[in-house]
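First the structure, in the form of structure tokens, and then the observations on it.
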Amino acid sequence: MKEIDDVALHRFAVLGPLVSRTHLERGELKQLIRQIASREHNIPGVEFNHRRIAEKTIEAWFYAWRKGGIDALSPQVRADCRQSKLPTDVQTFILTAKKEKPKRSLNQLLLLLEASGLIVKGAASRSSVHRLLKNNNLSRPTGAPSQPEEFRRFEAQYAGDIWYGDVMHGPSVPINGKVQKAYLVSLMDDASRLLTHSAFCPGEKALDIEGVLKQAILRRGLPIKLIVDNGAAYRAKTLQSVCARLGIHLIFCRPYAPEGKGKLERWHRTVRDQFISELDPTRIQDLADLNARLWAWIEEIYHKRHHSSLDSMTPLQRYQQDLPRIRTLGHRAAQLDDLFYHRIKRKVRKDGTVNYDNNCFEVPYEFSGKNIQLVVDPHTKQVIEVEDELGNGLGKATPIDVIANVNRRRRKPNNETVDAVVSKPEGPNLVEIAHEKHYSDNKPVAPSITIK
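What the sequence shown shows, in the working numbering, is residues 207 to 658, in sequence order.
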């Protein structure tokens, strides 16, 4: 049996006093219609209810019901529904142009029509073109493909296979004597939902992300893949170099596609709802205070809360289940600091010095005029050592001491070099050749003097 349309049921209910009568006296129909029209009705699908219905509308519904029953009260589909009134050649042109380049907007399609001479300017409206595209399943937002992108839920099989990284804007706290916004940098394991490390940082730069990554690796081992945002901080050469040295496959999400980081987005919402909302601002003196409370909350509450998506296990239990499979640093643990150092290229001045962070350093003098690399701890701004362009160690970079250099013994050329400089050259010399020739072949004759 065919299901009765909701709109038809509503209209039938409105006509109740009319359809329940078997006989109507003269003039009674209009009187009843007027009474029904004076009331307010809840109309299905209408945002603002308690609307009144016109008498002519109620009368049309009544005669339709009397002629065709309740089915006649259903909304009638127009005969020309889903049929475009644009000329056939114009329709073909629009559909072909849209299929050829799905990113073409309505305005672009109209401009193409006008430029091709198929229509005059203003002859076709945006709505008519939109209806045509919609009826042919080609209508999408500007710049979107004609077919929707397919998204499917996935989860790493083992802990340590995939980590996610992202940044969330946090509360304002005193940082270096000023109240400013803190940024929550988080790295999450996909399979277990465990936070390998999370910390509030003064910014969302590559240096902040590298600091969190280093702590995560020290505590939770090495991931196989690290999926991060497509921002400039994640694209930094320093972060890519660190991941390359550690054998981590760094993957960038497609811009404007937050669906790929749904678990981290859920983590951010949990932080806002359960951590930030509970903070007592009077107890937060600086960034260290904020992080101390964050880490306590993560370890004591978040990591010990049972997740339905983890078969009622806690993130810590799920992570520990795969501990034998986690990649460890092994012998590279002693070199971890070096792997996170930055290499900064500098050209050595003629006095054997280079500058870094407004400080002047002396390097081995034989590299004057050459390019070197300063190995720098980016967090402490400390210059560790000097390398050549190939990465070979050249020794320490010493902060310059201009006072001590007054009495510093300088290296001088040895005696052999001095003798070589002052000894008579053995090769031909153009000046000497010209001098000898001029005064030997053209000797001046002394003028004779006659004395009377």
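Cβ coordinates follow ideal geometry from the N, Cα and C atoms, glycine included.
Please name the residue in the options whose C-alpha comes closest to that of residue i.
i: residue 550; options: 435, 229, 596; result: 596
i: residue 450; options: 306, 245, 431, 475; result: 431
i: residue 437; options: 327, 411, 602; result: 411
i: residue 429; options: 529, 407, 435; result: 529
i: residue 363; options: 635, 641, 301, 396; result: 396
i: residue 503; options: 249, 524, 263, 477; result: 477
i: residue 245; options: 258, 536, 309; result: 258
i: residue 172; options: 640, 586, 221; result: In the structure as shown, the chain begins at 207 and stops at 658. Residue 172 is therefore absent and cannot be evaluated.
i: residue 460; options: 440, 444, 452, 454; result: 440
i: residue 526; options: 479, 379, 425; result: 425
i: residue 373; options: 572, 409, 345, 517; result: 409
i: residue 290; options: 332, 554, 389, 228; result: 332
i: residue 539; options: 369, 472, 427; result: 427
i: residue 452; options: 524, 537, 383, 516; result: 537
i: residue 467; options: 442, 575, 482, 434; result: 434
i: residue 475; options: 392, 489, 423; result: 392
i: residue 552; options: 646, 282, 594; result: 594
i: residue 501; options: 216, 383, 400, 273; result: 400
i: residue 324; options: 306, 310, 295, 311; result: 295
i: residue 516; options: 382, 361, 306; result: 361
i: residue 261; options: 635, 236, 273; result: 236
With a Cβ-Cβ cutoff of 8 angstroms, do residue i and residue j count as a contact?
i: residue 403; j: residue 418; result: yes
i: residue 317; j: residue 304; result: no
i: residue 469; j: residue 519; result: no
i: residue 271; j: residue 225; result: yes
i: residue 292; j: residue 330; result: yes
i: residue 491; j: residue 380; result: yes
i: residue 267; j: residue 221; result: yes
i: residue 365; j: residue 532; result: yes
i: residue 249; j: residue 223; result: no
i: residue 299; j: residue 334; result: no
i: residue 388; j: residue 493; result: yes
i: residue 546; j: residue 448; result: yes
i: residue 398; j: residue 524; result: yes
Buried or exposed: residue i, going by 16 or more other Cβ atoms within 10 Å of its Cβ?
i: residue 588; result: exposed
i: residue 521; result: buried
i: residue 175; result: No information on residue 175 is available, as it lies outside the stretch 207 to 658 that the chain covers here.
i: residue 234; result: exposed
i: residue 642; result: exposed
i: residue 390; result: buried
i: residue 370; result: buried
i: residue 279; result: buried
i: residue 416; result: buried
i: residue 230; result: exposed
i: residue 227; result: exposed
i: residue 472; result: exposed
i: residue 232; result: exposed
The ligand HEM and residue i: does the residue's C-beta get closer than 7 angstroms to at least one heavy atom of that ligand?
i: residue 371; result: This structure lacks the ligand HEM, and indeed carries no ligand of any kind.
Might you give, ordered along the chain, the residues of its own chain that have their beta carbon closer than 7 angstroms to the beta carbon of residue i, omitting 5 neighbours on each side?
i: residue 601; result: 570, 591, 592
i: residue 345; result: 336, 339
i: residue 584; result: 413, 548
i: residue 297; result: 290, 338
i: residue 454; result: 428, 429, 432
i: residue 556; result: 574, 575
i: residue 564; result: none
Looking only at its chain, what residues have a beta carbon closer than 6 angstroms to the beta carbon of residue i, apart from the 5 residues adjacent to it on each side?
i: residue 497; result: 405, 406
i: residue 623; result: Residue placement at residue 623 is poorly supported in this model, since its pLDDT is 48, which falls under 50; the coordinates still yield a value, given next. Closer than 6 angstroms at the Cβ level, and outside the excluded window around residue 623, lies no residue.
i: residue 639; result: none
i: residue 265; result: 239
Between which residues of its own chain and residue i is the CB-CB distance below 8 angstroms, once the five residues before and five after are set aside?
i: residue 320; result: 326, 327
i: residue 665; result: With the chain running from 207 to 658 in the structure shown, residue 665 is simply not present.
i: residue 446; result: 456
i: residue 510; result: 520, 522
i: residue 482; result: 376, 377
For the beta strand (DSSP E) holding residue i, just list the boundary residues, first then last.
i: residue 380; result: 368-381
i: residue 599; result: 599-601
i: residue 332; result: Note, residue 332: premise wrong, no beta strand (DSSP E); alpha helix (DSSP H) at 332-341.
i: residue 405; result: 401-407
i: residue 388; result: 384-395
i: residue 457; result: 455-458
i: residue 581; result: 577-583
i: residue 592; result: 588-593
Residue i lies in the alpha helix (DSSP H); which residues open and close that run?
i: residue 449; result: 443-452
i: residue 484; result: Unbroken run through residue 484: none, as it is neither H nor E.
i: residue 499; result: 493-506
i: residue 263; result: 261-274
i: residue 296; result: 294-306
i: residue 234; result: 234-243
i: residue 525; result: 521-527
i: residue 476; result: 468-476
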